[in-house]
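S.K.: First residue of the sequence shown? That's 1 in my numbering, and the numbers climb one at a time after it.
Here a beta-carbon is modelled for each residue, glycine too, at the ideal position from N, C-alpha and C.
Once you've had a glance at the structure underneath, I'll fire off some questions.
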Amino acid sequence: MFDIDKWQEIFATIRKNKLRTFLTGFSVAWGIFMLIILLGSGRGLENGVRIQFERDATNSIWIYRGQTSMPYKGLKPGRRIQFTNEDYDYSKREIKNIENLSARLSVFRQRNISYKSEYGNYDIVAVHPGTKVLENVEIIEGRFINDIDVKASRKVVAISTDVKKALFKEEDFLGKYIKINNIPFKVIGLYEDSSERDNQRVYISVSTAQKVFTGGNEIHNLAFTTGDATMEESMKIENDIRSKYSIRHKFDKSDQRALFINNNVEEYEKFQNLFSGIRLFVWIIGIGTIIAGIVGVSNIMLIVVKERTKEIGIRKAIGATPGSIIGLVLLESILITAFAGYVGLVLGVGLLELISPHIQSEFFTNPEADFRIAVSATILLIVSGAIAGFVPARKAASIKPIEALRDE
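In structure tokens:
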């Protein structure tokens, strides 16, 4: 393998056919380059979409009220389903295998929030403590709404980093009072959300919003997490919800407009399957391109064997074994394939690293070819080189010395 004479002979053959070797190597390098770019781009798209999903808990189910579109036991279609605190209590009691249950109530009327002379308009969202997990809220300072806040209907608020910058600038904020629609609320925490939209809101407790702003016990929607439930298990929970709520709110179970259920577990699983298919498709395209390069290498090596028929015959006549002939041809094939492929690999990874900081967007983030891809591509190159050289090597080893010496 490390015979200097053998390597000198291989390099001499390559130098003798520079253009042919370059064009053959270019086809292999291009195949690897395109494979890396396609896989990196697919990863960038996957990262972007995953970030969109993970802005909320990926194991969550959200329930929204709707309007009936089918008659039910004498009741006409067109009835609006209304949620109340009793639906929150019912869900907590009757729906199994759920965690971090939270109701939500949005205050739609005046949304004026002020502190001293600073003010702004932000979404006012009333929730239970489970929202912290449901929305993937990161607490920077202080705390989030807790159960005691809800039970005691405390006038407390958790604000986002955007709200803090607008109202407090560099001033300390914990324990200070801001006015929400001219009603003072004590700031208990600072949070940050990966969603820019969700940073344009403040969180207060459901019970406080109902007493201070809306009256009554109405809520707008419910949400909860499902722990480690699989997609099939989450779908059973979803069906259980629809079945129980259809009885509770008197609508046909098959009426999809009466109750809207967003199952993030199911959607995330579909997303994972989609990108698994995309990765497979990219690999098929990339490997197809590499195979075209391998065929080119194999053809070139066949030509090399043909040109060196007499030389190979002489080698065998003076004692060269078939194994040494096969090794020589295989080594040259692997060298060309591996070197050209490595160049394509480096160029592909380099291009991804170069453009990655400049093409970040909402649905396309951090395109990259990870270490596993690089290792897989390297192994693929070595195997490809061996495959490309095997047929020509077998042909060279089968040459009979007497026929080779007669070859013109």
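Would you mind sorting residue 128 into buried or exposed? The rule is 16 or more other CB atoms within 10 Å of its CB.
M.R.: Taking the first residue of the sequence shown as position 1, residue 128 is located at position 128. Note on residue 128: 16 or more other CB atoms within 10 angstroms of its CB, so buried under the neighbour-count rule.
S.K.: Can you say whether residue 292 is buried or exposed, counting buried as having 16 or more other CB atoms within 10 angstroms of its CB?
M.R.: Here residue 292 refers to the residue found at position 292 when the sequence shown is read from its first residue. By the 10 Å Cβ count, residue 292 comes out exposed.
S.K.: Can you say whether residue 83 is buried or exposed, counting buried as having 16 or more other CB atoms within 10 angstroms of its CB?
M.R.: As a working mapping, residue 83 is identified with position 83 in the sequence shown. Result: buried.
S.K.: For residue 410, collect the residues of the same chain with a Cβ closer than 8 Å to its Cβ; drop the 5 residues on either side in sequence, then sort them by chain order.
M.R.: This structure gives no information on residue 410, because the portion of the chain shown stretches from 1 to 408.
S.K.: Return the residue from the list 333, 98, 114 that minimises the CA-CA distance to residue 60.
M.R.: Within the sequence shown, residue 60 is the residue found at index 60, counting from 1. The option with the nearest alpha carbon to residue 60 is 98.
S.K.: Which residues in the same chain have their Cβ closer than 8 Å to the Cβ of residue 193, if we skip the five residues on either side of it in sequence?
M.R.: Here residue 193 refers to the residue found at position 193 of the sequence shown. Only 55, 135, 136, 137, 138, 160, 199 meet the Cβ criterion.
S.K.: Is there contact here, the region 210–224 with the region 161–176, by at least three beta-carbon pairs under 8 Å?
M.R.: no
S.K.: Output needed for residue 25: all residues of its chain with C-beta closer than 6 Å, excluding positions within five of it in sequence on either side, in chain order.
M.R.: Reading the sequence shown from its first residue, position 25 is the one you call residue 25. The residues are 336, 340.
S.K.: How far does the alpha helix (DSSP H) with residue 150 in it reach, from first residue to last?
M.R.: The count along the sequence shown starts at 1 and reaches residue 150 at position 150. Where residue 150 is concerned, the enclosing alpha helix (DSSP H) stretches over 147–152.
S.K.: Rounded to whole angstroms, what is the Cα-Cα separation between residue 16 and residue 314?
M.R.: To locate residue 16, count along the sequence shown from 1; it is residue 16. To locate residue 314, count along the sequence shown from 1; it is residue 314. In a straight line, the C-alpha of residue 16 is about 20 Å away from that of residue 314.
S.K.: Should residue 270 be labelled buried (16 or more other beta-carbon atoms within 10 Å of its own) or exposed?
M.R.: As a position in the sequence shown, residue 270 is number 270, starting the count at 1. Flag for residue 270 reads exposed.
S.K.: What is the DSSP secondary structure of residue 137, reduced to helix, strand or coil?
M.R.: Reading the sequence shown from its first residue, position 137 is the one you call residue 137. Here residue 137 sits in coil by DSSP.
S.K.: Could you please give me the residues that DSSP links to residue 210 through a beta bridge?
M.R.: As a first step, residue 210 is located in the sequence shown; it is residue number 210 there, counting from the start. Partner(s): none; residue 210 has no beta bridge.
S.K.: Which same chain residues end up closer than 6 Å to residue 470 when comparing Cβ atoms and leaving out the 5 residues on each side of it in sequence?
M.R.: No statement about residue 470 is possible, as the shown extent of the chain runs from 1 to 408 and does not include it.
S.K.: Thinking C-alpha only, which one of 207, 387, 58, 49 is nearest residue 262?
M.R.: Taking the sequence shown and counting its residues from 1, one reaches residue 262 at position 262. Of the candidates 207, 387, 58, 49, the one whose C-alpha sits nearest the C-alpha of residue 262 is 58.
S.K.: Going by CA-CA distance only, name the one from 239, 23, 123, 50 that's closest to residue 273.
M.R.: As a working mapping, residue 273 is identified with position 273 in the sequence shown. Looking at the Cα atoms, 50 is the closest of the given residues.
S.K.: Starting from residue 170, trace the beta strand (DSSP E) both ways and give me its first and last residue.
M.R.: Locating residue 170 in the sequence shown gives position 170, counting from the first residue. From DSSP, residue 170 is part of no beta strand (DSSP E); its letter is neither H nor E.
S.K.: Is residue 196 helix, strand or coil by DSSP?
M.R.: Locating residue 196 in the sequence shown gives position 196, counting from the first residue. Residue 196: coil per DSSP, three-state reduction.
S.K.: Helix, strand or coil: how does DSSP classify residue 185 here?
M.R.: For the purposes of this step, residue 185 is taken as the residue at position 185 of the sequence shown. In this structure, residue 185 counts as strand in the three-state DSSP scheme.
S.K.: Please go through the same chain and pick out, in chain order, the residues whose beta-carbon is closer than 7 Å to the beta-carbon of residue 300, but skip the five residues on each side of it.
M.R.: Against the sequence shown, residue 300 aligns to sequence position 300. Answer for residue 300: 20, 24, listed in chain order.
S.K.: Sorted by chain position, which residues of the same chain lie with C-beta nearer than 7 Å to residue 284's C-beta, five sequence neighbours on each side aside?
M.R.: The residue given as residue 284 occupies position 284 in the sequence shown. Cβ within range, chain order: n/a, list empty.
S.K.: Who does residue 221 pair with in a DSSP beta bridge?
M.R.: Working through the sequence shown from its first residue, we reach residue 221 at position 221. Residue pairing by DSSP places residue 221 opposite 64, 104 in a beta bridge.
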